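Worksheet: one structure, shown below.
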Amino acid sequence: MKKHLRSILCVALAVLLLVPLSACFGRDTDLTALLDATDTYKVYAEDFSEVVAKGQDGGRQMRAWREGFVTGNGVNGSINAGSPYSDTLIYQNNYFIMPCDTIRMNPDISGDLDSVRQMIVRGEAYQTFEPWYSVYCFHPGGQLRLTQEKQRYSDYVRWCDYETGEAVVKYTDDRGTWERRTFTSRTDDATITSITQSSTGEKVNLTLSFDDLSQMYNFGNNAEAGLQYKKLAGENGEYLAVVAHYPTFEGSELINGGFSTLTYIVNIGGTRKTVYAEDSGDERNVGAEKNPTVQIQNADAVYLITLSDRDFEMGTFDAFAGQTRFALADDLLARCKAVADKFGGDAFDYAAALEPSAAEQSEQFNRVSFSLSGGVSEALSNEDVLALQRGEDTLDPTMLARAYNAGRYAMIACSGGSLIGRLYGMWTGEWGPRWNGAFTMDANVNLQCSGMNSANVTEYGESYIRFVLDQIDDWKVNALHNYGFTDAIQVPCNTDGTSAISVEYSTEYSFEYWNFGASWMLQPIYEFYQTFGNRVISTDDGDKRLLEDILLPLLTLQANFWDQMLTPEYYTDSNGYIHYEAGKTELQSDEYYCIIPSYTPENMPVNLESGRTANTAADIAAARKGFEMLIDVLRTLDAEGYADEIAKWETLESKLPPYLLDDTGALKEWAVTNFEENNEHRHISHLYCAWPSNETQDDEALREACIRALDNRNNAGKESEETQTHGWLHKGLVAARLKDTEAVEKSLLKLVSEKVYYNSFMTDHNTHRGSDCYCTDTSLGIVGVINEMLLYSDTGVIEAFPAMTDMLPAGEVHGLMAKTQAEVGLSWKDGSLTVTVLSNVDQTITISCAGANAQSVDFKAGEEKSFTFAY
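Residues -25 to -1, 1 to 846 (mature numbering (1 follows the signal peptide of the UniProt record, and there is no 0)) make up the sequence shown, in order.
What follows is the structure, given as structure tokens:
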């Protein structure tokens, strides 16, 4: 509270003394004098963190890349630090992964299944001692440095424009005001930078160079230490490039592979030449010329056009040092030149290049508008908004709105290809990012995509669908090798974007028996169908109808997994006792299938030193939801023979084990008597029935049991478990479904008030940045939490404000999508809420506010109606 009073006092003094508020925070920039700082969809920073090369400044600023503004189109992207005179552009390609000495095919352990099941029945820990393998590691594409003569400067500001996709740097020195702009084109797949002469006509004098790969943060601690690379320069400084060969590992699909980033340089006026700088002595740099740079003098403008890509057939590692030409670099040069030629060639027109990409970007971003009243001034910089929110016990509306809009921007930036957001989104300025910068599918991917449908980012949804489709063959191998199941799928914990083979498991982290991943990963696709209808999805194998060609076969594969898992030989009674009867072929009326083995990420019982268990609540909920989704698709298609299919799946669903409660009335994580609850954990997979499923909407007893379980988790949590933001995101999503407003508030406050956000409004993995890990879980996931707080929906159902906080007294959101092919707008103030619904199909929708005043309303396709509620 004292801190809150100090913040209020600072604002009051700034107004009274007519000085910029930034003076209270040690900066001298008046944003309102420099630009339109009240533009909701531009976010400003008054500071920058210069990215230094390894070995300089003691390495203190090597993490500075995390403060940079980002651009992206789902494949290529960049991070711009924004330093006036030693700026960096760190280029990205979402597909880049570093091979290592892991295995790429999992062993066939299906023969162990019977013995594993028997040990679980006896309550014994099945332990394994194989080495822990991992997926390949995400990595950066190269760090381009822009060096200019240092001056004293003032009026520094940088911003990210969510409507154009640009990262911009602006400052003034005695030569005038300078501006640099960077965007990654959504239409031409290149990152383009504009550097123009100053406001007084001072020409551009600039040196461009790629930093040594080994000078980037964290280099040398992992497999990247074994790569080789070269820096290349074109004739007369036409381009700069870095090209690298991956280290070789037997059995790797990248054994002859590598990557390259190339920047094509266009200068308008002035001169351009290649200059070879001093060799830094990096032994991994095997180029004939170690450190080419490009010097530009007296130019009116300089434009940089950059692409990154990889090649699986670069040649052998041993031959790399002797190569003088690289097909990959040649291809990148041709592609960059094509972009330049399209927009004027040597008279390159940045505005013309930006226009088609910005049109697409703004259309996507402006599908949803989100604003909240009653917060601190919109004119404040990111630094000031973060400082005013930090440590507070109430949500600031400006902070929350800025976080929401930043999340949708990041989601759009990660969409467009066949991948989605990794743990790091699609950005890294370091080697060996934590947890390999993978796509982690036991919570993180799921949290990040939680708002993709409701937030109307269909491009992210389509990328997500392609991301899943590209993994299916590997998921089939997992089901076969781990269980011996055929025509079935099993999801691994992680994929690196190329391989989704399940190689990561151990006694504690028993992902070889993680069963509910397929249902969880398919549910967003089903909800995409609920939200947007039976769309045609473009894939590498041609266009596919969502319902017939994607959902039906995939949901059938996940149902087949459960069909082969569930056997009458292993069953439980209504009290949760596990039984085994060899040869048993039929269950009695009071008997239920036992889901065995079973694993609930990333927890295990107090009384068992293994994660290999039975009847996890998440498996029960996921199997039920999986059957329900398939049955709905079958009924909708209503083709010949589907009635028999529906009857089969309904019978299996009816014999799933019931949930159990512990002695506090909480939902048990393991619906058996054998295992004791362990609440000292951040994961809450056992509340799957609330989110992502929706069983608690119509089951008050189950809702109360879930609320008690969530309370138990919060009350027993270890301090180390409490700092990981994905835990609070997950709790926020579950709490919103449980209509537990206080728990939603607690989750949101943890995320926005405890140093999770960087000045770029990208996010860290931990509160107070406790694990040295950039992570976009909160960046993207907070969109889902806020949307769930504002709106619950299902087919034929729209409920406004299911868990709305009174910390946000007024606001508007338009363009949200409900899972019933309808667009929803909300506007609230002084306890009055207006709900506007635009239906895309003929239907009847039950509309309510906070679970009350429900009314059944008929809509024609294209019809819009408004409703007013007191709340």
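Backbone N, C-alpha and C define an ideal beta-carbon position, used for all residues, glycine too. Remember, it's a predicted structure, so these values are computed and weren't measured experimentally.
Taking 8 Å as the cut-off, decide whether the C-beta atoms of residue i and residue j are in contact.
{"i": "A684", "j": "L642", "result": "yes"}
{"i": "R127", "j": "V144", "result": "no"}
{"i": "T122", "j": "S53", "result": "no"}
{"i": "R259", "j": "N211", "result": "no"}
{"i": "M73", "j": "Y108", "result": "no"}
{"i": "I240", "j": "L188", "result": "no"}
{"i": "V810", "j": "I822", "result": "yes"}
{"i": "E199", "j": "W406", "result": "yes"}
{"i": "S573", "j": "M579", "result": "no"}
{"i": "L398", "j": "G412", "result": "yes"}
{"i": "S660", "j": "A557", "result": "no"}
{"i": "S352", "j": "L307", "result": "no"}
{"i": "F44", "j": "N55", "result": "yes"}
{"i": "G449", "j": "A418", "result": "Before going further, note that residue 449 is Asp rather than Gly in the sequence given. Cβ distance not < 8 Å, so D449 and A418 don't count as in contact."}
{"i": "S90", "j": "Y458", "result": "no"}
{"i": "Y113", "j": "T415", "result": "In the sequence under discussion, the amino acid at residue 113 is Phe, which differs from the Tyr named in the question. No."}
Give the straight-line distance between the Cα atoms of residue i and residue j, rounded to the nearest whole angstrom.
{"i": "K(-24)", "j": "Q364", "result": "The predicted model places K(-24) with a pLDDT of 36, which falls under 50 and marks its position as unreliable; any figure quoted below should be read in that light. Near 13 Å, if we compare the C-alpha coordinates of Q364 and K(-24)."}
{"i": "D471", "j": "A665", "result": "29 Å"}
{"i": "T373", "j": "F224", "result": "50 Å"}
{"i": "P777", "j": "L713", "result": "8 Å"}
{"i": "S429", "j": "K559", "result": "46 Å"}
{"i": "Q563", "j": "Y546", "result": "10 Å"}
{"i": "V446", "j": "H456", "result": "For the record, residue 446 in the displayed sequence is Gln; it is not Val. The alpha-carbon atoms of Q446 and H456 are separated by roughly 16 Å."}
{"i": "L529", "j": "Q172", "result": "55 Å"}
{"i": "C424", "j": "S390", "result": "11 Å"}
{"i": "A322", "j": "F158", "result": "19 Å"}
{"i": "C(-2)", "j": "D715", "result": "Low per-residue confidence applies at C(-2): pLDDT is 35, beneath 50, and the placement is therefore not dependable, though the value from the model is reported in the following sentence. Going from the Cα of C(-2) to the Cα of D715 covers about 37 Å."}
{"i": "F736", "j": "G756", "result": "13 Å"}
{"i": "L370", "j": "L521", "result": "39 Å"}
{"i": "L202", "j": "E288", "result": "15 Å"}
{"i": "Q533", "j": "F23", "result": "48 Å"}
{"i": "A333", "j": "E138", "result": "7 Å"}
{"i": "M191", "j": "G262", "result": "18 Å"}
{"i": "S348", "j": "S807", "result": "14 Å"}
{"i": "T770", "j": "T795", "result": "4 Å"}
{"i": "N357", "j": "N734", "result": "6 Å"}
{"i": "Y568", "j": "H658", "result": "25 Å"}
{"i": "A(-12)", "j": "C135", "result": "Low local confidence applies: a pLDDT of 36 at A(-12) is under 50, so the model's placement there is unreliable, and no value is given."}
{"i": "L(-5)", "j": "P59", "result": "Any answer about L(-5) is weak, because its pLDDT of 31 lies below 50 and its placement is not dependable; what the coordinates show is given next. Taking the straight line from one Cα to the other gives about 23 Å."}
If you measure from the CB of residue i, is any heavy atom of the ligand ATP nearer than 7 Å?
{"i": "E434", "result": "In the structure shown, the ligand ATP is absent, as is every other ligand, since no ligand is present at all."}
For the alpha helix (DSSP H) that contains residue i, what are its first and last residues?
{"i": "I571", "result": "It is not in any alpha helix (DSSP H) - I571 carries neither H nor E in the DSSP assignment."}
{"i": "C824", "result": "Looking at the DSSP string, C824 is not in any alpha helix (DSSP H); the run it does join, the beta strand (DSSP E), is 818 to 824."}
{"i": "S184", "result": "Not the alpha helix (DSSP H): S184 falls in the beta strand (DSSP E), residues 179 to 185."}
{"i": "Q339", "result": "325 to 340"}
{"i": "I621", "result": "617 to 629"}
Considering just the uninterrupted stretch of the beta strand (DSSP E) at residue i, what are its terminal residues?
{"i": "S767", "result": "For clarity, residue 767 is Tyr in the given sequence; the question names Ser instead. Counting along the chain, the beta strand (DSSP E) containing Y767 begins and ends at 766 to 769."}
{"i": "H705", "result": "Counting along the chain, H705 falls outside any beta strand (DSSP E), though it belongs to the alpha helix (DSSP H) covering 700 to 712."}
{"i": "L642", "result": "Taken as a continuous stretch (DSSP letters only), L642 belongs to no beta strand (DSSP E), as it is neither H nor E."}
{"i": "D607", "result": "Not the beta strand (DSSP E): D607 falls in the alpha helix (DSSP H), residues 592 to 612."}
Determine which residues share a DSSP beta bridge with residue i and list them.
{"i": "V452", "result": "Answer is none; V452 lacks a bridge partner."}
{"i": "F345", "result": "V788"}
{"i": "T433", "result": "DSSP, once it has assigned bridges, lists no residue as partnering T433."}
{"i": "K17", "result": "D136"}
{"i": "S53", "result": "T46, Y66"}
{"i": "H554", "result": "Y546"}
{"i": "residue 909", "result": "The chain is shown from -25 up to 846; residue 909 falls before or after that span and cannot be answered."}
{"i": "L207", "result": "A216"}
{"i": "M73", "result": "C112"}
Going by CA-CA distance only, name the one from the options that's closest to residue i.
{"i": "T482", "options": "Q102, L64, S831", "result": "Q102"}
{"i": "E264", "options": "F185, S585, I280, R310", "result": "F185"}
{"i": "G702", "options": "Y568, K725, I553", "result": "K725"}
{"i": "N762", "options": "A711, Q270, T63", "result": "A711"}
{"i": "L422", "options": "C75, V788, H740", "result": "H740"}
{"i": "W537", "options": "T473, S629, E523", "result": "S629"}
{"i": "K706", "options": "S549, A827, I682", "result": "I682"}
{"i": "Y221", "options": "L612, M540, N231", "result": "N231"}
{"i": "residue 858", "options": "D305, S337, A354, T77", "result": "In this structure the chain extends from -25 to 846, so residue 858 is not present and cannot be described."}
Does the beta carbon of residue i sit closer than 8 Å to a beta carbon anywhere in chain D?
{"i": "E199", "result": "The structure shown has no chain D; it contains just one protein chain."}
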